[in-house]
Every structure is written in C-alpha cells, then in structure tokens.
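Undergrad: The following block contains the structure, expressed as structure tokens.
Number of protein chains: 2
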Amino acid sequence: MDVARLAGVSQKTVSRVFNDEPYVSADVRRRVLEAVEQLGYRRNNAARALASGRSRSIGVVTLGTALYGPASLLMGVERVVRDTGYALRVVNTMEGDPSGVAGAVDSLLDQGVDGIVISEPIDETGPEGETALRVDVPVLVLGAPPGLTAPTVLTAGDGADVMARTATEHLLNLGHPTVHHLAGPQRWYAARDRLEGWRATLTAHGRELPPVVEGDWSAASGYRAGLELAADGAPTAVFAANDDMAIGLIRALTEAGLRVPQDVSVVGFDDIPVAAYITPPLTTVRQPFDTVAQEGLKRLVHAIENPDADPLPPSDPPVDLVVRASTAPPADRTTPARARRTASRPDGGTPAPRPRNGGPSSRP
Amino acid sequence: MDVARLAGVSQKTVSRVFNDEPYVSADVRRRVLEAVEQLGYRRNNAARALASGRSRSIGVVTLGTALYGPASLLMGVERVVRDTGYALRVVNTMEGDPSGVAGAVDSLLDQGVDGIVISEPIDETGPEGETALRVDVPVLVLGAPPGLTAPTVLTAGDGADVMARTATEHLLNLGHPTVHHLAGPQRWYAARDRLEGWRATLTAHGRELPPVVEGDWSAASGYRAGLELAADGAPTAVFAANDDMAIGLIRALTEAGLRVPQDVSVVGFDDIPVAAYITPPLTTVRQPFDTVAQEGLKRLVHAIENPDADPLPPSDPPVDLVVRASTAPPADRTTPARARRTASRPDGGTPAPRPRNGGPSSRP
DNA sequence: ATGAAAGCGCTAACAG
DNA sequence: CTGTTAGCGCTTTCAT
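Chains A and B, in that order, give the protein sequences. All residue numbers for the first sequence refer to UniProt numbering, where the first residue is 1 and numbers rise by one. All residue numbers for the second sequence refer to UniProt numbering, where the first residue is 1 and numbers rise by one.
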C-alpha cells in the first residue's frame, strides 16, 4: 500500500482512517489523507468485501417493465440506498421468465449482497410447483410476502387492500349500487390485494359482487375490458386496479357512447403523473412509493446491521384518495342524500398546477 | 476449498470447471459438479474480482425519476446485461444533485465496475463550471455525449433530432403553416436534440420560427404551456418534446375551448403506453428504447472485453412516427393538395388492440 | 495509539 | 489434462 508508505504509517492505520475507527491521532489522520489525495488512491471494494465478508451492497429484484409502480419503487429504493452507504445491484425478472424470482435472487446471492429487496413479487408457483426460496440474508418484500425463508423477512407497502377499500367506498358513498372491478393480473400479489379490498368492501356493505374482469395492467387491456363491460350492459361504477387500465377503460366506454362520469364513474390506482390531465381527470388512489421504499429500506438496513436485534416495525402508509372528475353520483337512480352531499364538489375537474400533496383528497 | 477436496482435485481445477475453461476431462468435471451440488457451494465474487481485477459488473447512472424514457432505458439495459454475464450496479443522480453525474460515476468507479452507462445525460456545467470527467473504463452514453475522457466513449440513441424532424414534417405536410415546439428542459441533451431537429426542419422549409416554450417533461408543465399558448393566440400545430407534456397541453387547450385536432394538432414523443388511449389518441414518435439499450450494451461489452479492438459502430435506430388522431390538416386555411392527400386517413382514432408494430406509421 | 502477521477465496502464471 | 505457487488489497487478531 503506497499510501501507507507515503504517510509513513502502517497499512492498518490507513484502514483505520478510512473506516473512521477511533484511536488515530489527528496528525496521523491528516498525513494519511494527504497521501491519499496525492496518490488519487481509492480503496478496492472487492478486497474489502473479501476480507470483511460484507459487500455493503443491497440487491433488488424488479420486474422487467417500465410500469409506473415498479419503476417508482426502484427509484425510491435507489434514492435511499446511497444515503445508507450501500450500493445497489439490480436484477430483473420478466414475467414468464423460466427461472423467475428465484433465479434473480440467486444471481444476487452470487454477487454477495448483504440484503435483498423484492419489489412487486408475483406468484410463480407453477401447476404443481412449490418454490421454497432459502436465502441467508435479510429480505424486504415490497408488496406482499412470498414463501421464502430468510433470517429476516420484512414486508412493506402491503396496504393495497386498505387503499382499494377507500376507492370502493368512495364510489359507494357516491350512491352507486355496486362497483365493478377491473383487476390486475392475479399472479401479482399487489393485484390480489386490490381485488381483495374491493371484494371485502362490497361484502361488508352487503352489495352485489359483479364478475371481475382481469387485465394485465396495460391500457390496452383496460380498453378490451371496457369493450366487454359496455357490451354486457354497462356498470355505473368501476374501480380499476391501476391508472393505465383505467385510461384504456375510459377510452372504450367513451367510444361506446358512454360518458364518464355521467354514465360511468371510474377510479384508478397509482396516480400516475398524467392522471390529472387526461379527459376527464382521473380520480385515483395515490400510492406512496417513496415513503414505502424509504421506510422499507431503513428497516432492511437495520436488519442487516443488527442481525440479532428485533426488526423495526412497519408503519402504516397513508391512504390518499385523489378525487378528480372521473367520478360522480350515478345519474339514473335516486341517490341517497348522504352520498350526494359527499359528492357535491364542484371544480373537481380543473387540474390546478398539481400541488405536491395531490389536491383534493380525502380519507375515510 | 472443500469442493476440491471432496472431488479429489486441486483448487485450480474447480476454478477451471466454473469458468468453462478447456482441458478438463468429462469425468473430473462431473465429479466437481457433484461436489459443488452436494456442498451447495457458490463461488465468491469478491474474491474473484480481487484476484482477476475485473468485477464483471456494469454501472448505470440514471436520473432519479420514474419518467418513462429513463425508466425504459434502464429496464432495457437490465434486460440485456444479464445475458452478457455481467451484473448491474445502479446509481442515480437527481437533477440538482450537488455531486451530479460526476458523483454518480465516482461512486460507480469506487465499486469497481468494468464499464459505465450514462443514461440520459444532462448538462451540469454550472455558471462557470467545467466538469471534465476522467474515467478509466469504457463508457456508453445513451442520449448524447457529455465531456468526459475514457478509454472508449460510445454513444447511442442520439437520433432524436431525426425523429423530431419526422414529427415536424408530418405537421408541415398536413398543411400547417408552421409548427410550435413545446420543448423539454434544455439541460437535457435529449431535449436539445429535439429542439434542434424541429428548428432545422422549419428552417429548411423556410417557415417562420415561433418562440419556444420550455417545459420540464411533466404533464403539469405541458398544461401550463398550453394555457400560455392559448392566451397568446393559439397555434395550429404543436410538437411536444414528450408525451406527458403533450397530454397536459391537450388538456389546457381543451379547457380553453380549442379542439384537438380540429383547431390544433399535437404530436408527442416517446409513445408511452397510454398514448393510444387518451382522447384524442396521440400522434407521437416512438422511441426504440429497447433497441437502443440492447445495441449500446453490446457495444459496451465489446469495448470492455476487447480494449484494443476498434469499437463496434453504432447503427441507426429506426424512426417510427405513429399517426393517431391528434393531428389533422388545419381547418381555417387552404390546404395544399399534397398534404391533404397525406393526411386523409380516416379512423386514425380507433386504438385497435395496439399492434406490436404500432399501427399506422410512416417514415419519410 | 499504532503495527505485524495472517488470511479472506479466488485466479495467473507457470510448471509438470 | 492437472497441480503448485503466489499474490490481489483489504480487514482481523493480537502485540506492543
């Protein structure tokens, strides 16, 4: 180590300086830092990882899509991870990937990550398959828990059912007799949660449970679903499992001569950036991607660095229903007064310079 | 190394098996593989990197946004990188990040990556600043070249000007006297290219160059721009630098009582998944993110593994104008026959189950 | 408060 | 075809 020689100290001392270890005199520290500067030295992380057994990196498994949700989550994770002093390794697994999440996790383990984040897990149990993952580092699952074994398994961002309930109740409060659901692909736990929240709400209110239409998150699938729905005798209210599908759905309804929200109310999910600017501006549930990622990561890092301590508890993410112009009371039947009151907000349609906090919002 | 002992061979032989090196008898190979299986052995990448001096990983610098473009590029990169046998390290840099791209690159270098991808570079030269990056591994810049020094600097996906030309010409061919431009933030090279392509086209056709309105990629900024444009006496044709802004723009125009495309034609850029399903379906330029990422990475890996060979040449990405219903000939003035012919396509508005190839498209 | 010595698990460069 | 001998650049452990 040239730096050590230049500074006239031992290798170990240089190491101490770099790691902010105690017991280094100010003078020595300064000399070392100077030598480092002069030589343009940067420490070798591979060697560090080898010697210490920790790579100071966290692996993320994402779906190989540019879908707003997964992409936002990934960005959220990246944003936090650097502050914690860890590096990020990313592997993605496409739907239909033969090796799937297991393969992705494996490749991360190969890389020697200290912890793993599984963003948006999907159910990959084949016809018979039981994928029992076994991992020897802490894992954070963003969305819902798959069956895996690890020293610590944390979950975060699994409040989708509550949010789905909020969306559904919004529609019910508006006076709609029932609410249809345009679900996401049921292999995704996130999609299941939303479906479940919707179902539970209707059941709790003693409403009829219309058949579920399943899409694949894409606007195209929402469009197809809308065509179907319109043909089958249009519903008065639909809760779509994401905004893209909601947009496709609205398009199909519009083409079928149905007006939104006068004839059909539509609620989306995510609050993608354009949601406020389409016609009509979309009522939707905002997902707190950043908060979820941030909080989850904090807990993961804690678990990595304190293997024996109790894991940090999760906190409930806020539910943020953004009411815009795609929802209204049903036109063709008597509306209960209560609902009408709730719904009588004018101007829901003007997307003012979208306030950071999402404008009109309510939480039940 | 337990595996070596169990298989009754030397450590080096195990190494050979793992690296698919020649000169290993089938029998020995089998024995090693068995031992590996039995012990659940996985090789330590840190040690490998330390000993070999190569980390077999590629670093990506992204902007910390969930913007469709950057996110798609990242996904595209990830999708290819695993096939090449490399791992991906991701660092992002938010706009306004003090350390900026330089800091991101630095942290990647710290991690010992073998190559770097800079996705969507932005100009970070401050009031005075000259950021002369010096990197000792090959770099691929997706979008346009910043000032950096590296053994190899590859660029890809810098065909935005050509695409912008296509968009602008489409509008001109429709018979519009001139075309306004809703530009992206000019710190982004991608935004500059589009602006340049637009400007060059108008100039080449001897048209008037209307003042440029600059947005920040968001639908919100497009909305604000639309309000401005409508107040200043509406244009008949606008080319927006991305779809999100186009959507905000259309919203503002609509609220101002202007019809799209009857009063104003709008062309977007990117072809985001919902573009075909908004009202009206958006005419836009599809960006070949996947192709760009894939080809670029192939070239980067080549440069990494053949430091002395000539870098692979880039190939021109296809230009794909997707004509939908947001563009039409201008209503209020005589339209040249040529343009009218080009434009007389009925049904541009029906988003059929979006064909893989994007439906109606043309290239000049 | 500092240093010396001993590896971490692998691959490189040569033998055989 | 296979084995031996050295490190890669750091952290660890134990002295001092």
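Each residue gets a CB set at the ideal place from its N, CA and C atoms; glycine is no exception.
#1: Is the beta carbon of Trp-142 of chain B sitting closer than 9 Å to the one on Val-292 of chain B?
#2: Any C-beta of chain A sitting closer than 9 Å to the C-beta of Ile-247 of chain B?
#3: Taking contact to mean at least 3 C-beta pairs separated by less than 8 Å, is the segment 253–264 of chain B in contact with the segment 214–233 of chain A?
#4: Between A:Leu-67, A:Leu-73, A:Ala-4, A:Arg-29, which lies nearest to Leu-39 of chain A when the distance is taken from Cα to Cα?
#5: Do you know how far the Cα of Ala-156 of chain A is from the Cα of Pro-281 of chain B?
#6: So Tyr-189 of chain A and Ala-144 of chain A are in contact, right, with Cβ under 8 Å, and what is the actual spacing, rounded?
#7: If I measure Cβ to Cβ from Thr-283 of chain A and keep anything under 6 Å in the same chain, skipping five residues before and after, which residues do I get?
#8: Applying the criterion that 16 or more other CB atoms from any shown protein chain within 10 Å of the CB defines a buried residue, is Tyr-23 of chain A buried or exposed?
#9: Under the DSSP definition of a beta bridge, which residues are partnered with Ser-265 of chain B?
#10: Give me the Cα-Cα distance between Arg-259 of chain A and Leu-195 of chain B, rounded to the nearest whole angstrom.
#11: Indicate whether at least one CB of chain A lies closer than 9 Å to the CB of Ala-71 of chain B.
#12: Within this structure, are the beta carbons of Val-117 of chain A and Leu-140 of chain A separated by less than 9 Å?
#13: For the segment 76–88 of chain B, enumerate the residues whose C-beta is nearer than 8 Å to any C-beta of chain A, in chain order.
#14: Can you tell me whether DSSP reads His-205 of chain B as helix, strand or coil?
#15: Can you tell me which of A:Leu-154, A:Asp-158, A:Arg-207 puts its alpha carbon nearest to the alpha carbon of His-180 of chain A?
#16: State the DSSP-derived secondary structure class of Trp-217 of chain B, mapped to helix, strand or coil.
#17: Only counting the same chain, and skipping five residues up and downstream in sequence, which positions put a Cβ closer than 6 Å to that of Ile-250 of chain A?
#18: I'd like to know whether the C-beta atoms of Val-319 of chain A and Gly-69 of chain A end up nearer to each other than 9 Å.
#19: Mind checking Gln-11 of chain B: buried by the 16 CB within 10 Å criterion, or exposed?
#20: Using a Cβ-Cβ cut-off of less than 8 Å, list which residues of the segment 97–113 of chain A approach chain B; keep chain order.
#21: Quick one: grab the DSSP three-state call for Asn-357 of chain A.
#22: In three-state terms, what does DSSP make of Arg-345 of chain A?
#23: Going along the chain, which unbroken runs of the alpha helix (DSSP H) with 4 or more residues stay wholly within the segment 160–200 of chain B?
#24: Starting from the beta carbon of Asn-45 of chain A, find every residue of chain B whose beta carbon is closer than 7 Å, and list them in chain order.
#25: Measuring only the C-alpha atoms, how far is Ala-35 of chain B from Leu-6 of chain B?
#26: Using a Cβ-Cβ cutoff of 7 Å, what residues of the segment 47–63 of chain B are near chain A? List them in chain order.
#27: Given Gln-262 of chain B, which residues of its chain have a CB within under 6 Å of its CB, disregarding the five upstream and five downstream residues?
#28: How many angstroms separate the CA atom of Gly-233 of chain B from the CA atom of Leu-209 of chain B?
#29: Looking only at its chain, what residues have a beta carbon closer than 6 Å to the beta carbon of Ile-304 of chain A, apart from the 5 residues adjacent to it on each side?
#30: I need the DSSP call for Val-17 of chain B, collapsed to helix, strand or coil.
#31: Look at the alpha carbon of Ser-25 of chain B and the alpha carbon of Arg-43 of chain B, and state the distance between them as a whole number of angstroms.
#32: Cα separation between His-176 of chain B and Ser-221 of chain B?
#33: Under 9 Å between C-beta atoms, does Asn-19 of chain B make it to chain A?
#34: Going by C-alpha to C-alpha distance, which of B:Asp-270, B:Glu-214, B:Gly-296 sits closest to Ala-164 of chain B?
#35: Quick one: is Asp-244 of chain B near chain A, going by C-beta distance under 9 Å?
#36: For Asp-193 of chain A, count neighbouring C-beta atoms within 10 Å of its own C-beta (all shown protein chains included) and say buried if the count is 16 or more, exposed if not.
TA: The structure says:
#1: In the sequence on display, residue 142 of chain B carries Leu and not Trp. It is a contact, given that the beta carbons lie within the stated cut-off.
#2: yes
#3: no
#4: A:Ala-4
#5: 37 Å
#6: 3 Å
#7: Val-267, Val-323, Arg-324, Ser-326, Thr-327
#8: exposed
#9: B:Ala-237
#10: 38 Å
#11: yes
#12: yes
#13: Glu-78, Arg-79, Arg-82, Ala-87, Leu-88
#14: coil
#15: A:Arg-207
#16: coil
#17: Val-260, Val-266
#18: no
#19: exposed
#20: Ser-107, Leu-109, Asp-110, Gln-111, Gly-112
#21: Confidence at Asn-357 of chain A is low in this model, with a pLDDT of 37, below 50, so its placement is unreliable and the value that follows should be read with caution. Three-state DSSP puts Asn-357 of chain A in coil, outside helix and strand.
#22: Residue confidence is low: Arg-345 of chain A scores 38 on pLDDT, short of 50, so the model does not pin down where it sits. Its coordinate-derived value is still stated next. If DSSP states are grouped into helix, strand and coil, Arg-345 of chain A belongs with coil.
#23: 160–173
#24: Asp-110, Gln-111, Gly-112
#25: 6 Å
#26: Ala-47, Ala-49, Leu-50, Ser-55
#27: Ala-331
#28: 15 Å
#29: Asp-114, Gly-115, Pro-138
#30: helix
#31: 21 Å
#32: 24 Å
#33: no
#34: B:Asp-270
#35: yes
#36: buried
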